[in-house]
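Before any comments, here is the structure.
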Amino acid sequence: MRAAVFDYNDNDFITPFNNKVGVDSKGNLMRRLDDYVAMDMNSGKFHYTSPWPEDDNNK
138 MRAAVFDYND NDFITPFNNK VGVDSKGNLM RRLDDYVAMD MNSGKFHYTS
188 PWPEDDNNK
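In structure tokens:
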């Protein structure tokens, strides 16, 4: 299981599926764009986040 990522815009947590995609507690699909930025795939809005965990395959 991966560590949750905090979404500062919504004061919510994102549960990552992998190094690029996750879902928040409301069911919104989030795509990681940068270390501290994700995009809500439902609305297209950008969200500031805590850093996403490294992918196990890249270690």
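Be aware that the sequence shown starts at 138, since it is given in the working numbering, and climbs by one per residue.
We treat Cβ as the ideally placed atom computed from N, Cα and C, and that holds for glycine.
Here Asp161 is actually not in contact with Phe154; their C-beta atoms are around 12 Å apart, not less than 8 Å. Here DSSP, grouped into helix, strand and coil, assigns Ala175 to strand. Arg169 sits buried, since 16 or more C-beta atoms from the chains shown fall within 10 Å of its C-beta. Note on Val174: under 16 other CB atoms within 10 angstroms of its CB, so exposed under the neighbour-count rule.
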